[in-house]
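**Q** One line per chain: the protein sequences are C and L, in this order.
Residues in the first sequence are numbered consecutively from -4, following this note's numbering.
Residues in the second sequence are numbered consecutively from 108, following this note's numbering.
Glycine is no exception: its CB is placed at the ideal position from the N, C-alpha and C atoms.
This one's a predicted model, so the numbers in the text were calculated from it and none came from an experiment.
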Amino acid sequence: MESSSSPIGAKATLLRHFPGEIREAYARSCAAGDSAAVDTVVVGVLLDHVPDKAKLAAIAPDDSVALVADLGLDSIAIAQVVFFLEDLFEINISNTEILGVRTIGDMRVFIRRKLADLSIVPRA
Amino acid sequence: MRPTAVITGLGFITSIGNDRAAVTHSLRALRGGLEPIELLGNPALPVKVAGTVKEFTVESPSWRDWRYPERYQLSREKLRSLAPHGVYAVCAVEQALEDARLTAGAIGDGATGLYCASAGSPFLIHHHVRQMHAVRGARGDPMGLVASIAGTLNFNLAAFYHIRGAVGGFSAACASSSHALGCALDDIRLGRQERMLVVGAEDVNAETILPFAALHALSTNPDPASASRPFDRQRDGFVASGGAVCLILEEAEAARRRGAPVYAALTGWGQASDGHSVAVSHPEGAGLRAAMRRALADAGVSPGEIEYVNAHATSTPAGDRSEALALRSVFTDVGARPRISSTKGLTGHTLSMSGVMEAAFCSLALREGFIPGNASLVEPDEACAGLDLPRAALDIAPGLVMNNSSGFGGSNVCHVLRRHPP
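1. Compute every distance between the C-beta of L:Gly298 and the non-hydrogen atoms of the ligand SAH, then say whether any falls below 7 Å.
2. Check whether chain L comes within 8 Å of C:Asn87, counting only Cβ atoms and requiring the distance to be less than that.
3. With distances taken from CA atoms, which of L:Tyr415, L:Pro329, L:Ala203 is nearest L:Arg127?
4. By Cβ distance, which residues of its chain are closer than 6 Å to L:Asn312, with the 5 residues on each side in sequence left out?
5. Using the three-state DSSP reduction, which class does C:Glu81 fall into: helix, strand or coil?
6. Is the stretch 405 to 418 of chain L touching the stretch 434 to 451 of chain L, taking contact as three or more C-beta pairs under 8 Å?
7. Could you check where the beta strand (DSSP E) with L:Pro143 kicks off and where it finishes?
8. Could you have a look at L:Thr439 and say whether DSSP puts it in helix, strand or coil?
9. Under 8 Å, Cβ to Cβ, is there at least one residue of chain L near C:Phe78?
10. What's the C-alpha gap between L:Gln400 and L:Asn519?
11. Are C:Gly43 and C:Gly67 touching if we call contact CB-CB under 8 Å?
12. Are the C-beta atoms of C:Ala56 and some chain L residue less than 8 Å apart?
13. Any residues in the stretch 181 to 194 of chain L with a beta carbon nearer than 9 Å to a beta carbon of chain C? Which ones, in chain order?
14. Between L:Ala226, L:Gly227, L:Gly251, which has its C-alpha nearest L:Val236's C-alpha?
15. Can you tell me which of the three DSSP states L:Asn125 falls into?
16. Which one of L:Gly514, L:Ala112, L:Pro331 has the shortest CA to CA distance from L:Arg299?
17. Which one of L:Glu314, L:Ala490, L:Leu507 has the shortest CA to CA distance from L:Arg435?
18. Tell me whether L:Pro153 is buried or exposed, calling it buried when 16 or more other Cβ atoms sit within 10 Å of its Cβ.
19. Go through its chain and collect everything with a Cβ distance to C:Met(-4)'s Cβ below 8 Å, but skip five positions before and after it.
20. Which residues in chain L have a C-beta closer than 8 Å to the C-beta of C:Met74? List them in chain order.
21. Can you name the residues of chain C whose CB is closer than 7 Å to the CB of L:Ala211?
22. Whose Cβ in chain L lies nearer than 7 Å to the Cβ of C:Asp112?
23. Flag C:Pro46 as yes if its beta-carbon sits less than 8 Å from any beta-carbon of chain L, otherwise no.
24. Is the CB of C:Ile17 under 8 Å away from at least one CB in chain L?
25. Quick check: the stretch 270 to 280 of chain L against the stretch 186 to 195 of chain L, are there 3 or more CB pairs under 8 Å?
26. Taking C-beta pairs closer than 9 Å, name the residues in chain L that C:Ile71 reaches, listed in chain order.
27. When the Cα of L:Ala351 is compared with those of L:Thr210, L:Leu260, L:Asp495, which residue comes out closest?
28. Taking only three categories from DSSP, how would you classify L:Gln238?
29. Helix, strand or coil for L:His522? Go by DSSP, reduced to three states.
Here it is as structure tokens:
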């Protein structure tokens, strides 16, 4: 059972409004460093920040989908995604790094590399 | 002849109602909005009552957890940069626009401005600062700043409604939204703006309320029916409240041209500072006395013409006494005897939003033809000798009313409103 008073619960609590499969993927990514599960969480977080949910019905969220042109994320929404992922995976992302991220695929690969470079298995 | 201004729209999210009809009913029937509360999960705290906002759930720092009435459509883009009181404010603005028969698109014309007042959100500031310390400054919510600091209301509302006229925030504690309303009137008189939205709002939570307990300014009476009792001998402090009110002020001729409904005319205002203490009123209400006289002079009316005064009186021993003495000096000493009440007996004290909220109450009184009463007054303080303090609301239609506000540092602001048409 989640406890918002423990560090474990505090991280999982960030995803409390997300679908079950995202929360389960996060748990797998924490337990086993499962890269596919990290991808699921990253894409889930990106889609959650899409302002116009009607857009999602017409878009298959594959790697080529552009964050600004296709998903309609503005610079503030991207900053919020970055903050959310930083908090969730306990990583730091610089402005320079994020400027190169333009698509879902870019973000997915970027977070994978970030976790691998830092040898991080997120602490759930 | 200088332009004149009329009030054409009102929106309310308050402890006594979340729309005009509910607020009017509460004012006429003396239906209070105070409830028992427990702050910070600590039953030992002596503060037991607050003026709560109903139908909203905004206790979490995350907008994802917030709940509000379904009739309001708040997109993610709006919610992500709001404080709890910002949610109240957007709802109040939506009501006021509909009330004034204006569309949201119509106020991006450059002729419409926006003045706001709130203390910001100490609740959200605490949340974000705590988070910053936890990660030793490494990251933070990108919306944390604009959602929480003083000014959050004007930042957000100006952006949401694409307002391109004068926009600003006022910070004079409990007189803030009265300053906002007075300056809005000046902008219309000077021909700078045709229409002004004036918005006051406050969170209702421990972070906003309890700092006043440290000042020993809050009532420790646990009974919601008697905790807020302005002008009463037994008063022991104020009851904190919040919410949001939006008042739309328009140049009278422009309002007439578009066939806008009119509540009342705002005919004058005045301000004066005590120059006395950072947190305590002048003992004889010197600043408030001067502000009332300046407002009367600006409106071109004599004390004897004022039929009702909505007093600032918050239920603190020192503040109410100062205001009573100031009222006696301005009115009683020249043979004038307006009805006087403090609606904070019903609402509690809504801090920086109280001035615009009570100007809105005066607008309702002028249009609907009643005078609000002193809900919980039993035995008036001896300082009130000679003042007419009706207990119940009166079915008397006032023609001219005054609205008083005072804040930290001795700021005092008064407005004069007139029935429209006269």
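**A** Reading off the structure:
1. Although the ligand SAH was asked about, the structure shown includes no ligands whatsoever.
2. In the first sequence, residue 87 of chain C corresponds to position 92, counting from 1. Answer yes: the Cβ-Cβ gap between C:Asn87 and chain L drops below 8 Å somewhere.
3. Position 20 of the second sequence holds residue 127 of chain L. The option with the nearest alpha carbon to L:Arg127 is L:Ala203.
4. Counting from one through the second sequence, the residue named residue 312 of chain L turns up at place 205. Only Phe230 meet the Cβ criterion.
5. Taking the first sequence and counting its residues from 1, the one referred to as residue 81 of chain C is at position 86. Three-state result, C:Glu81: helix.
6. yes
7. By 1-based counting over the second sequence, the position of residue 143 of chain L is 36. First-last of the beta strand (DSSP E) with L:Pro143: 141 to 143.
8. For the purposes of this step, residue 439 of chain L is identified with residue 332 of the second sequence, where counting begins at 1. Note: L:Thr439 maps to helix in three-state DSSP.
9. Numbered from its first residue, the first sequence carries residue 78 of chain C at position 83. For C:Phe78, the answer is yes, since a Cβ of chain L falls inside 8 Å of its Cβ.
10. Position 293 of the second sequence, counted from the first residue, corresponds to residue 400 of chain L. Position 412 of the second sequence, counted from the first residue, corresponds to residue 519 of chain L. Inspection of the sequence shows that residue 400 of chain L is occupied by Arg rather than by Gln. Near 11 Å, if we compare the C-alpha coordinates of L:Asn519 and L:Arg400.
11. Taking the first sequence and counting its residues from 1, the one referred to as residue 43 of chain C is at position 48. Taking the first sequence and counting its residues from 1, the one referred to as residue 67 of chain C is at position 72. Here residue 43 of chain C turns out to be Asp, not Gly, going by the sequence shown. Result no, Cβ atoms of C:Asp43 and C:Gly67 do not sit closer than 8 Å.
12. For the purposes of this step, residue 56 of chain C is identified with residue 61 of the first sequence, where counting begins at 1. Sequence check: residue 56 of chain C is Pro here, not Ala. With 8 Å as the cut-off, C:Pro56 does not count as an interface residue toward chain L.
13. Ser182, Arg183, Glu184, Arg187, Ser188
14. Taking the second sequence and counting its residues from 1, the one referred to as residue 236 of chain L is at position 129. Ranking the options by Cα distance to L:Val236, first place goes to L:Gly251.
15. On the second sequence, position 18 is the one that residue 125 of chain L refers to. Residue state, collapsed to three classes: coil.
16. Working through the second sequence from its first residue, we reach residue 299 of chain L at position 192. Of the candidates L:Gly514, L:Ala112, L:Pro331, the one whose C-alpha sits nearest the C-alpha of L:Arg299 is L:Ala112.
17. Residue 435 of chain L sits at position 328 when you count from the first residue of the second sequence. Minimum Cα distance to L:Arg435 is reached at L:Ala490.
18. Against the second sequence, residue 153 of chain L aligns to sequence position 46. That one is exposed.
19. Here the question's residue -4 of chain C lines up with position 1 in the first sequence. Confidence at C:Met(-4) is low in this model, with a pLDDT of 28, below 50, so its placement is unreliable and no value can be given for it.
20. Residue mapping note: residue 74 of chain C aligns to position 79 of the first sequence, counting from 1. The sequence shown places Ala at residue 74 of chain C, not Met. Simply Pro249.
21. Walking along the second sequence from the start, residue 211 of chain L turns up at place 104. Those within 7 Å of L:Ala211 in chain C number zero; the least Cβ separation is about 18 Å.
22. Residue 112 of chain C sits at position 117 when you count from the first residue of the first sequence. Simply none; closest approach about 17 Å.
23. Here the question's residue 46 of chain C lines up with position 51 in the first sequence. With 8 Å as the cut-off, C:Pro46 counts as an interface residue toward chain L.
24. Along the first sequence, one-based indexing puts residue 17 of chain C at 22. Taking Cβ atoms only, chain L never reaches closer than 8 Å to C:Ile17, which makes this a no.
25. no
26. Walking along the first sequence from the start, residue 71 of chain C turns up at place 76. By Cβ distance, chain L contributes Glu184, Arg187, Ser188, Pro249, Met250.
27. Counting from one through the second sequence, the residue named residue 351 of chain L turns up at place 244. Here the closest residue by C-alpha is L:Leu260.
28. As a first step, residue 238 of chain L must be located in the second sequence, where it is residue number 131. L:Gln238: helix per DSSP, three-state reduction.
29. Taking the second sequence and counting its residues from 1, the one referred to as residue 522 of chain L is at position 415. Note: L:His522 maps to strand in three-state DSSP.
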